[in-house]
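Listed in order, the protein sequences are those of chains H and G. Be aware that the first sequence starts at 1, since it is given in the working numbering, and climbs by one per residue. Be aware that the second sequence starts at 1001, since it is given in the working numbering, and climbs by one per residue. Note that the Cβ used here is the ideal one computed from N, Cα and C, for glycine as well.
2 protein chains.
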Amino acid sequence: MSGQVWAHVGQPFESAHYDLVVVGAGRMGAALARSLRELAPHCSLLLAEEGGLPNEEGATILAPGVWHADVPPGQSARAEETRALLGDALNVCGLLDLSTEAREGFPSVAEVWTPELAALIDPGVLPFARPDRRAGTYSAGSVTLADANAAIASGADLMLNVRAELCGTGVDGLAADGVAHVRLHRLSVTNMHEVIVAQSVMVTAGRLIVAAGAAGPSLVEAGLGLVTPHRTAYRQTPRLEVGSTPSSPVLRHAGLLLRPRDGGYTVVPPIPHPDPWGYVPTGGRLVGVPVGLRRETLDALLDRMDGLSALAGEGLVPGRSIADIPGAWIALPDGGWPLWQRLGAAHWLLLGGEHADLTGLSVARELAVGLAG
Amino acid sequence: MSGQVWAHVGQPFESAHYDLVVVGAGRMGAALARSLRELAPHCSLLLAEEGGLPNEEGATILAPGVWHADVPPGQSARAEETRALLGDALNVCGLLDLSTEAREGFPSVAEVWTPELAALIDPGVLPFARPDRRAGTYSAGSVTLADANAAIASGADLMLNVRAELCGTGVDGLAADGVAHVRLHRLSVTNMHEVIVAQSVMVTAGRLIVAAGAAGPSLVEAGLGLVTPHRTAYRQTPRLEVGSTPSSPVLRHAGLLLRPRDGGYTVVPPIPHPDPWGYVPTGGRLVGVPVGLRRETLDALLDRMDGLSALAGEGLVPGRSIADIPGAWIALPDGGWPLWQRLGAAHWLLLGGEHADLTGLSVARELAVGLAG
């Protein structure tokens, strides 16, 4: 039997108790909810999300959606499980890992050369390439939507447009009574396009899991008084107008990905370090000229233009304002990899972040198994 | 014969030509100007500074002023020369490099224990300490003032309260005609405390050296169209109200310094990474409570509180607003160490940054020798 969905404040909702509350219906929260309904069908579950499915301002909708096998040994089982969970959602187009130097396992780029690469790569600078034929691309947004729908179809309740505020009890706010308290602020938009809180309701939960992406650690800190070591960064993914097809491989060079998408490429720069708290993303300036790309994004591109010659061409869309360039805050979990963490008697934190494409679904599954067991 | 000083716009100044123009009278620029007057007394020299001597908003006045010998092999000759150039300005109080683990050259902290350390260190967490008895402290501001005064006394001209704008000529703006052009905007303050440009004059220079600290790379980029790999960071140095004397050693743990100063300590956190362009420093929040310290500064302290127990005590002054905590932008030169760089026919960049305390004076001297030779 399907669960109930509250999409807007016109639908009445009163305070309630759930066995499980998941805060955040991005890819981590939606995958967790789906697995929990499967593994613990006797537990009532509420999935609460600040935006829509997927949230237009969240990291899920802008995730590169690139799976590959180049992960540390400790992460490879999770990566393989994530690939299995993706199933048909993965478009196996392969990935070329480019290198300036001869390395073991990196044959000459000539062995994998196709005419379309000529528009992207300077083989004089990047003469070596390791193919990962099992790699592929997927839409993290579609996977999230499918997971959330499956959770609802199997009995989860979903509330959209609702902001969660964790309410502490006991020492460190960590549910000394064994029950988690969360205040749900139902949001509405006025005629003046102002987001307001239309109703606030208190919900209690046997177990509460914060899966709110980059916002998760600050929710935990503000509500429970618990400082975590996790960080956040703002990532922009500009577009490169160079032709691609669904079978074009993903290209990787020095941590930067060129991800084929919709007949062109999405440029996914590496994240060198966290952004400070209080930083507001703005466009950058290049030799004094304002562009929509952040200077940090520009720097990452400048460093890699020699080998990926297309980045220096007219196909790169740097934007005239930051609104022209897709970007989102993403979590940087301590240690760099998706993780879950028990915070107290009734509270858990689930974080995807930069490498959620590779192991996120498996980590969400792992937590669901733990919670159901 | 002394040079001329223009401290305010009431003193007339018309366009002029100098053999040498140094932009920035922080510690790097002042040291360079002093050495240039000594090594090239026949060359006319103008030192231009946006603030006073030292600039109250610059990094020099807030520099820790700690010299020690723990530098990479490639920097040790420069570090020793810097120590020699400091001369009597260095207060040789020693430094204790604290360690959680037994390491070569790190005896037990008991061997160097003094009663005053009990208020600062938990010897259970930090049982080992390597003393650097040649280390010491100095005031970077005083050294800068002495250098600038010596330069003027030996014939350098100085213009204060003047903002420099590099004006390019030729390809890449780099003085194709062999002469550097710089527009000097003389600043004044209105009755409304508004900083305005009261006069702009064009100065030409046989050689122009940008020694403007964190602002240097953007001056070069905006004026000459030359992108550099250097970065900047905002560093706060809160105060710790735990008693110190002039003979108290500097303490170091995991990159954080406790620098004895005026009967207490200045806390100098490590700089983990650059701040993004467009970031405006704000105070931080700790478990939801706003404090004057940035969150990044707080994080650095939290990570080190176990060993440096005083950081967790009431002696730490976190401030109620960012104005309560001294802080300044500092340059992060590519590679991390003070450097000079030739930009073109008539332009040089001189950068001190995070480690200017250790090798800055030597690098400024090195450039002076090169320019004079």
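Own chain partners of residue i with C-beta closer than 8 Å, once the 5 adjacent residues on each side are dropped
i, result
"H/Met305", "Leu311 and Ala312"
"H/Leu298", "Gly284, Leu286, Val291 and Pro318"
"H/Ala323", "Gly292"
"H/Leu224", "Leu166, Gly168, Asp172, Gly173, Leu174, Leu343, Gly344 and His347"
"G/Leu1086", "Trp1067, Tyr1138, Val1143 and Leu1361"
"G/Ser1321", "Gly1283 and Gly1292"
"H/Asn55", "Ala25, Gly26, Glu49 and Ile61"
"H/Gly336", "Gly353, Glu354 and His355"
"G/Val1227", "Glu1221"
"G/Cys1093", "Ala1135, Gly1136, Thr1137, Pro1246, Ser1247, Ser1248, Pro1249, Val1250 and Pro1260"
Coil, strand or helix - residue i by DSSP
i, result
"H/His185", "strand"
"H/Gln11", "coil"
"G/Asp1132", "strand"
"G/His1355", "helix"
"H/Asn91", "strand"
"G/Thr1137", "strand"
"H/Val227", "coil"
"G/Val1220", "helix"
"G/Glu1165", "strand"
"H/Asp334", "coil"
"G/Arg1239", "strand"
"G/Val1143", "helix"
"H/Leu86", "helix"
"G/Arg1207", "strand"
"G/Leu1053", "coil"
"H/Gln341", "strand"
"H/Ala33", "helix"
"G/Ala1328", "strand"
"H/Thr114", "coil"
"G/Thr1232", "strand"
"H/Ala214", "helix"
"H/Asp19", "strand"
"H/Val289", "strand"
"H/Leu174", "coil"
"G/Leu1350", "strand"
Cross-chain neighbours of residue i in chain H, by beta carbon under 8 Å
i, result
"G/Asp1275", "Pro276 and Tyr279"
Per-residue contacts from residue i into chain G (C-beta, under 7 Å)
i, result
"H/Leu302", "Val1227"
"H/Thr282", "Gly1278"
"H/Tyr287", "As written in the sequence, residue 287 of chain H is Val, which differs from the Tyr given in the question. Within 7 Å Cβ-Cβ: Glu1221, Gly1225 and Val1227."
Cross-strand partners of residue i (DSSP beta bridge)
i, result
"H/Val109", "Note: H/Val109 sits in no beta bridge, so no partner."
"G/Met1202", "G/Arg1183"
"G/Ser1099", "G/Phe1128"
"H/Pro281", "For H/Pro281, which the question treats as bridged, DSSP gives no partner whatsoever."
"G/Gly1264", "G/Arg1261"
"H/Met159", "H/Trp6 and H/Ala48"
"H/Pro72", "DSSP lists no partner for H/Pro72."
"G/Ile1196", "G/Ser1188"
"G/Arg1252", "G/Asp1097 and G/Leu1257"
"G/Val1363", "Bridge partners of G/Val1363: none, in fact."
Own chain, CB closer than 7 Å to residue i, minus 5 neighbours either side, in chain order
i, result
"H/Thr100", "Val125, Leu126 and Gly307"
"G/Val1005", "Ile1152 and Leu1158"
"H/His386", "Here chain H has residues from 1 to 373 only, and residue 386 of chain H is not among them."
Interface partners of residue i on chain G, CB under 8 Å
i, result
"H/Arg295", "Pro1276, Trp1277 and Gly1278"
Own chain residues within Cβ distance below 6 Å of residue i, not counting five before or after
i, result
"H/Ala140", "Arg27, Thr60, Ala63 and Gly65"
"G/Pro1260", "Ser1244 and Ser1248"
"G/Ala1356", "Pro1338"
"G/Ala1275", "For clarity, residue 1275 of chain G is Asp in the given sequence; the question names Ala instead. Counting only Cβ-Cβ distances below 6 Å, and skipping sequence neighbours, we find Ala1233 and Tyr1234."
"H/Asp97", "Arg130 and Arg252"
Output, in sequence order along the chain, the residues in the region 1196–1222 of chain G whose CB is closer than 9 Å to any CB in chain H.
-> Within the region 1196–1222 of chain G, the qualifying residues are Ser1218, Glu1221 and Ala1222.
Using a Cβ-Cβ cut-off of less than 9 Å, list which residues of the region 312–332 of chain H approach chain G; keep chain order. Hits within the stretch: zero.
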